[in-house]
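What follows is one structure encoded as structure tokens, with my remarks underneath.
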Amino acid sequence: RRNTVLAMHRLQVSILLWFGVFRLDFSDTLSDLEPIRTESALLKPKVMIAVLARNSEHSLPFYLGCIERLDYPKDRIAIWAAADHSIDNTTAMLQEWVSGAERLYHSIQIRTMEHGSRKISARIKGKVYRTVVRPAMLYGLETVSLRKRQESELEVAELKMLRFSLGVTRLDRIRNEYIRGTAHVGRLGDKVREARLRWFGHVQRRDKFFFLNSSYADELGPKHWPDSRFIHVMQLRQAAFQSARAQWADYILFADSDNLLTNPKVLSQLIAENRTLVAPMLESRTLYSNFWCGMTTQGYYKRTDSYIPIRNWKRVGCHAVPMIHSTLLLDLRRRASRALAFYPLHQLYPWILDDILAFSFSARQAGVQMFVCNREHYGYLPVPLQTQQTLEDETESFSHTLTEAMIDFALEPSSYLHTASRNKDRMAFEEVYVINLLRRIDRKARILRTLDVLGIEVTLTNAVDGKALNSSQLQVLGIEMLPSYRDPYSSRELTKGEIGCFLSHYNIWKQVVERKQQQVLVLEDDVRFEPSFKSRLNTIMEDVQRTQLQWDFIYVGRKRLQVKNPERWVQGIKNLVYPDYSYWTLGYALSLQGAKKLLEAKPLGKMLPVDEFLPVMFNKHPREEYLAHFKQRDLIAFSVEPLLLYPTHYTGEPGYSSDTETSTIWDNESINTDWDRQLRITACSYPLQSLYCVMCADEDTGIS
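Per mature numbering (1 follows the signal peptide of the UniProt record, and there is no 0), the sequence shown runs over residues -31 to -1, 1 to 673.
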């Protein structure tokens, strides 16, 4: 009992010491615990991008440039690429890109028809190497004594070629002896020594595509899709599928090699949609896109009322659709994704052989719904070509897709590819003038990139900046406004911006006369080009020369103001009409004789906007009081039809700006002319019977 008392006493003393001497309490003990910190952010999901390329030399530089600019951690991206039956430089370009970009990405795999082809046996490959490649390597060494280091370098090069031809990489960890045995190829050093004893002769040189599979046996041309091609493409897509699963990728992005993903955030935004199968809506020059809103029971495309509102961004969001293709993202974490496949075909598949139909049917059977998103502008794709069209047609079609994308995006080719500059020419003209304001650096960069893609050599001409003109300069130039002129929409007088625009064109007319240039093309810097612009305009000018048509001026782009009565066609020449009253000077062809007529009219002393002056000169202006000031109105004018040039932006659209209308009155800087274009219906002062009311039915906005 005494021991118990002592023990209790010691316990009490200990407690007093703990709480009294050290002055600690229970709350203080809790506060000394390690504070809870915020956890670090999760890594981005792992994504594999599958690239299938065939004869894509024209599109790969810009396609891969878009891939490089994706706003997504590159160490979380794996690339799987395949070159399929190409007769151009596609394979070499992919290999060049891989060698430069592979250090950036988690991994890059590349499959080519030459690399690891199952249709050519290892024995045949070895025979090709022994009879063609190796003799070329040894050629000229019969009388040369090689050092051991040089022999070693040759053997290293030989083994690299053998491994490549057999589809073996270092990661496969296959010994050199096995490689030589499989290909039945001896050591190069032994052959070098044999070469010293006898003469091998010269090597018969063969076409570089002699041993390559550059086409399908049953195809009619490079744009034809026989069954064998569909099957092979489905097998390649399935191989990419399996590779993504083997690498434990969270997502796989299929993106055709001519699809331009211009929005860097497209990958992150598609992942954020949290859908098993989702595609970004891609744009083209037509209503064509990478989704269907309807499908028949036979698997064919079906027109629906919901397609156009989605395609034109009237309905914005993520929409359930029966078909997405070309570019799509698949969530491999979903259980249902295990049931999806491109190949082999589903046992119940009832439709024609087609890779996108096969995958759509597979998704339907797996209960996976497809979605297309148009919350933002994501990118562009070309319109499919017909079976009989050529690779040249495909290149031209993609060039137009590229120029359309460049209107709003500064696209650059991949920095890991060396691309030769396209040959440029001036088409059928002695000079191609492009008018650009020095302060419009963005427009200058865009138009020069676009013309580079089209292969058009131009002369950049500095425009006259109307905002920089003052009264004394106008007086020195002898500029006076046409007394009766009033803007037909706002009833205002001439603006300084319109004077600057007129002088910009006027200076070019003077250069044409001074240099005695027989025919030139004049372009403004805010134009967009129609498909096949270059070849179509060349054809028209050839027809003009062939028929010896007398001409002074040809509209290439304009705004038609008379649409109720059709304009007369020029006999003997396709796509050329006699123009009626028109607006805009987007682009036009001008002859030497036409430039002289425009200058002889002495327009500076009775100035009106240049696009009003031109109809006066070919006697098609509806205002008689304007015509009375110009006695000689004999400009021989024509217009291309359909038009080959349009504005990059229309009134009210994002990105629209005007240097002529957003200005001040020519002789009164206190009056601003940034007038409301929505008021032009009530402000129109031209005789409606002369214009058939079409000036008020503006093409820009559809107001009528």
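Where a beta carbon is used, it is the ideal one built from N, C-alpha and C, also for glycine.
Note that the structure is a prediction, hence the values are computed from the model and not measured.
Quick check: the Cα distance between residue i and residue j, rounded to an integer number of angstroms?
i: Q267; j: L314; result: 16 Å
i: P500; j: Y385; result: 29 Å
i: N232; j: R455; result: 44 Å
i: P611; j: R272; result: 27 Å
i: R280; j: N343; result: 8 Å
i: Y552; j: L309; result: 55 Å
i: H387; j: G158; result: 35 Å
i: S253; j: K503; result: 19 Å
i: L317; j: Q334; result: 9 Å
i: F607; j: L545; result: 7 Å
i: R307; j: R409; result: 53 Å
i: R118; j: E124; result: 10 Å
i: Y475; j: D274; result: 49 Å
i: V401; j: M375; result: 20 Å
i: K589; j: I36; result: 51 Å
i: R149; j: L63; result: 27 Å
i: T372; j: V422; result: 7 Å
i: E188; j: T81; result: 19 Å
i: F223; j: L298; result: 6 Å
i: T59; j: E363; result: 14 Å
i: D219; j: L115; result: 53 Å
i: E381; j: G34; result: 6 Å
i: L322; j: H201; result: 11 Å
i: H54; j: I79; result: 14 Å
i: V496; j: D411; result: 13 Å
i: L360; j: R505; result: 18 Å
i: G420; j: R6; result: It should be noted that the sequence gives Leu, not Gly, for residue 420. Each residue's alpha carbon lies about 56 Å from the other.
i: T651; j: P457; result: In this predicted model, T651 has a pLDDT of only 33, less than 50, meaning its place in the structure is not dependable; the value taken from the coordinates is given anyway. Whole-angstrom Cα-Cα distance: 10 Å.
When burial is assigned at 16 or more other CB atoms within 10 Å of the CB, is residue i buried or exposed?
i: G286; result: exposed
i: D324; result: buried
i: L2; result: exposed
i: P452; result: exposed
i: V352; result: exposed
i: L463; result: buried
i: K465; result: buried
i: S390; result: exposed
i: K575; result: buried
i: Y524; result: buried
i: L11; result: exposed
i: I93; result: exposed
i: A126; result: exposed
i: W66; result: buried
i: G556; result: buried
i: S441; result: exposed
i: K160; result: buried
Quick check on the DSSP output: the beta strand (DSSP E) that includes residue i runs from which residue to which?
i: Q514; result: Q514 -> not in any beta strand (DSSP E); alpha helix (DSSP H) instead, spanning F502 to R515.
i: E124; result: Not the beta strand (DSSP E): E124 falls in the alpha helix (DSSP H), residues K117 to L135.
i: G556; result: S551 to S560
i: L380; result: It is not in any beta strand (DSSP E) - L380 carries neither H nor E in the DSSP assignment.
i: P616; result: L614 to P616
i: L326; result: Not the beta strand (DSSP E): L326 falls in the alpha helix (DSSP H), residues D324 to Q334.
i: I404; result: E400 to N405
i: R415; result: R415 -> not in any beta strand (DSSP E); alpha helix (DSSP H) instead, spanning I410 to L423.
Looking at the secondary structure, which residues open and close the alpha helix (DSSP H) in which residue i lies?
i: residue 675; result: There is simply no residue 675 to check, as the chain begins at -31 and stops at 673 in what is shown.
i: F522; result: Looking at the DSSP string, F522 is not in any alpha helix (DSSP H); the run it does join, the beta strand (DSSP E), is F522 to R529.
i: C470; result: K465 to R484
i: H201; result: D196 to A215
i: E252; result: Counting along the chain, E252 falls outside any alpha helix (DSSP H), and DSSP gives it neither H nor E.
i: Q64; result: T59 to A70
i: C35; result: L29 to E37
i: R303; result: Looking at the DSSP string, R303 is not in any alpha helix (DSSP H), and its letter there is neither H nor E.
i: E363; result: L360 to A374
How many whole angstroms separate the CB atoms of residue i and residue j, which I take to be in contact at a CB cut-off of 8 Å?
i: F340; j: A327; result: No, F340 and A327 are not in contact; Cβ-Cβ is about 19 Å, not under 8 Å.
i: K393; j: I425; result: 6 Å
i: A19; j: A209; result: 4 Å
i: F582; j: R602; result: Actually they do not touch by this definition, with Cβ atoms about 11 Å apart.
i: K43; j: Y74; result: 5 Å
i: D40; j: K283; result: Contact flag wrong, Cβ pair sits at about 28 Å.
i: L229; j: T370; result: 7 Å
*asked:* Would the segment 235 to 255 count as touching the segment 282 to 297 if we require 3 or more Cβ pairs under 8 Å?
replied: The answer is yes - the segment 282 to 297 touches the segment 235 to 255, with three or more Cβ pairs under 8 Å.
*Between the segment 488 to 496 and the segment 590 to 605, do three or more beta carbon pairs fall short of 8 Å?*
In short, these stretches do not touch, since the Cβ pair count stays below three.
*On the three-pair Cβ rule with 8 Å, is the segment 13 to 25 touching the segment 33 to 51?*
Yes, the segment 13 to 25 is in contact with the segment 33 to 51.
_Assess contact between the segment 428 to 437 and the segment 467 to 474, defined as three or more Cβ pairs (one per stretch) separated by less than 8 Å. Is contact present?_
Taking 8 Å as the limit for Cβ pairs, the verdict is that the segment 467 to 474 does touch the segment 428 to 437.
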